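Inspection log for the structure reproduced underneath, given as C-alpha cells.
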Amino acid sequence: MNYYSLNKKSPIVDFKAATIRGQAPDKGLYFPETIPQVDKTLIRNIDQIPNEEIAFKVIRPYVGNAISEEELYRIVSETINFPLPLVKVTDSIYSLELFHGPTLAFKDVGARFMSRCLGHFVEAGKKVTVLVATSGDTGGAVANGFYGVEGVEVVILYPSGKVSPVQEKQLTTLGKNIQALEVQGSFDDCQQMVKQAFADESVTQKIFLTSANSINVARWLPQQFYYFLAYKQWLEKDQPPVICVPSGNFGNICAGILAWSSGLPVKHFIAACNANDIVTRYLATSKLEAREAVPTLSNAMDVGNPSNFIRILEIFHNNFPELKDKLSSYSITDAETVATIGEVNQQYHYLLDPHGAVGYLSLSRYLRDNPDRKGLFLETAHPVKFPESVEKITGKKIPLPQAVAGIMDRQKSSVLMRPGYENLKEFLLRNW
C-alpha cells in the first residue's frame, strides 16, 4: 500500500515512510492510494474469528510489505490485549466501552499500535522525536505507549488548566523519554505550534520529527479495529447499527467511515459535537468554517479546526450530498451534557463520562427521528478522568481503577510555556 498527500504536492510513500514522517512535506495528510475491501467471509463469519485475526486482516493491506506478517500479528495482538465490550444501556442504545486500556481512553489502541510500529522502524543509533498536541486523552495514551521505547523521544503540548487531573497526571508523571509542555493557551494554540514545527526546515533539518496525533496513519488506521469488534458483538447482524462518535479532531469517526467504506456494515454515522460544532454547521450549510475553540466539559473535543475532516471529504470524493446521506451531526451544550449524565445514571444505572454523554444524547436524538433503528455510541474515556463534573452530577465517588490509582500521588513535571511557535522552537533547539 502506498500513500499520497491530500495536498497532492509530495511524493508517494509506503506505510513505513508515512508513519515516520507523520505529515507529508507539503503539509498535507497522508491517505491510502486505494481503500482495500475486506473479505466478505470475514464479515459473514466474524462471530467465530478471534479478535487478533480480525484486526490483523483489517490492517494488513494498509501496512503492505513494511512489516512482516509475524511481526505485524504480534503488534496487533499487543495493541488490543484488553477488553472492548459492547454494553447494553437501553433497548435501542449500546455503549462501546473503549476505556479498559492502560490509560482508560480509546486512544490506547492507536497509540499502542503506532508506538510498536515506530519502535520497529527506528534504526539502531538513531533518534526520532514524537511531537504531539493533546486536548486530553492523546497525551496520556502517547506517553504510555512510547514510554521507554528506545530511540524515541516524546514531547507533548497540552493547554494549561484545560485537561482533567487524571489526564494531566498521565502525561506529566512518567519522565524518562516523555516531556510535557504546559501551554498557557488553547488546544488549537498547541496544535498550531506543532504544525509550525513540522513546517520549519530550520528545525526539521536538525531534529527528526514525527507526529503521534491522529494525522499519523499509524495512529489513525488501527482505530478501525474496534468498529469491526463492535460489529462482532452486535447481535442483530441483519440490522446494522447506527454508530455515534464523540468527535473533536475527527480521526476516530474518520476511521469508522473508512471501515464502512472497506465493507463493514454500518447503517449511518453521527458526529457528536459539543459547542465546537464546525462539522454540525457544515452539514447544515455546506460551508466549512474554522472557529476558535471554546472550552467545554467534554474537553478532548474542544477543537475549532479538526484536522482529519479533510480525510472524510476524500473518502466521499468531496461529494457533499453523498456525505450528508451517510453522516449526521448534533451539537450538545454543557447543560445538556450534565443533564444526560444524571438522567442516564438514575434511569439506567449507567455512568457516562462527558464525551460519552454527548454521544449518547446525539444518538438518542437521531433514534427519536428514526425509531426503527438501533445504534451504539463510543464511550471514549472512563468517567474517573472527569471526577469533578461526574461526581458533582451523580453525588457518588468514582472508585479509582487500578490503571490510574498509583499515579495521582506522583509529582507533576512539566515546562510552562506561553503560546507562540517561537517558544516551542527555542525549546526544541535548546534541548535537542
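As numbered in our numbering, the sequence shown has no gaps in its residue numbers, which increase by one up to the final residue, 579. Ideal Cβ positions, reconstructed from N, Cα and C, are used throughout, including at glycine. Please read these numbers as outputs of a predicted model, since none were measured by experiment.
Buried versus exposed, by CB contacts within 10 Å (16 or more), residue i
i	result
Leu576	exposed
Ser136	With the chain running from 148 to 579 in the structure shown, residue 136 is simply not present.
Ala234	Contrary to the premise, residue 234 reads as Val rather than Ala in this sequence. The residue is exposed, with fewer than 16 neighbouring Cβ atoms inside 10 Å.
Met555	exposed
His464	exposed
Gly248	buried
Glu300	buried
Glu315	buried
Pro518	exposed
Gly169	buried
Ser215	exposed
Gly292	buried
Gly295	exposed
Leu411	buried
Ala482	exposed
Beta-carbon gap between residue i and residue j smaller than 8 Å
i	j	result
Leu328	Leu304	yes
Val413	Pro387	yes
Gln371	Ala406	yes
Gly403	Tyr374	yes
Cys391	Gly257	no
Ile167	Val275	yes
Ile222	Asn198	no
Ala288	Ala252	yes
Met340	Tyr568	yes
Ile206	Tyr378	no
Val531	Val505	no
Phe162	Glu461	no
Ala280	Asn360	yes
Val185	Tyr497	no
Thr443	Asn421	yes
Distance between beta carbons of residue j and residue i, contact taken as under 8 Å
i	j	result
Asp449	Gly395	7 Å
Asn154	Ala171	7 Å
Thr250	Gln326	Thr250 to Gln326, Cβ: 17 Å. No contact.
Asn452	Ala431	Going by Cβ atoms, the distance from Asn452 to Ala431 rounds to 18 Å, so no, they are not a contact pair.
Leu376	Leu571	About 37 Å separates the two Cβ atoms, so there is no contact after all.
Pro501	Ser445	4 Å
Leu278	Ala344	6 Å
Of the residues the options, the one placed nearest residue i, counting alpha carbons only
i	options	result
Thr527	Leu243, Tyr495, Glu439, Asn360	Leu243
Asp335	Leu571, Tyr294, Ala440	Ala440
Asp238	Asp385, Ile462, Arg520, Phe178	Arg520
Ser560	Val364, Asn324, Asp481	Asn324
Leu499	Ser361, Thr484, Phe178, Thr250	Thr484
Pro183	Ile201, Phe203, Tyr209	Tyr209
Gly322	Glu569, Val562, Leu571	Val562
Lys473	Ala482, Ile459, Tyr378	Ile459
Arg263	Pro230, Tyr477, Asp284, Ser224	Ser224
Cys337	Trp381, Gly286, Thr320, Gly295	Gly286
Gly298	Asp516, Pro312, His267	His267
Glu383	Pro566, Ala213, Tyr241	Tyr241
Proximity test, residue i beta-carbon vs the ligand HEM heavy atom, cut-off 7 Å
i	result
Pro197	Ligands in the displayed structure: none, and consequently the ligand HEM is not present.
Helix, strand or coil at residue i according to DSSP, with G and I counted as helix
i	result
Tyr150	strand
Ala171	coil
Glu526	strand
Leu626	Limits of the chain in this structure are 148 at one end and 579 at the other, which puts residue 626 out of reach.
Leu356	strand
Ile390	strand
Lys235	strand
Ile417	strand
Leu571	helix
Gln314	helix
Met555	coil
Asp347	coil
Thr276	strand
Asp385	coil
Gln326	strand
Ala402	helix
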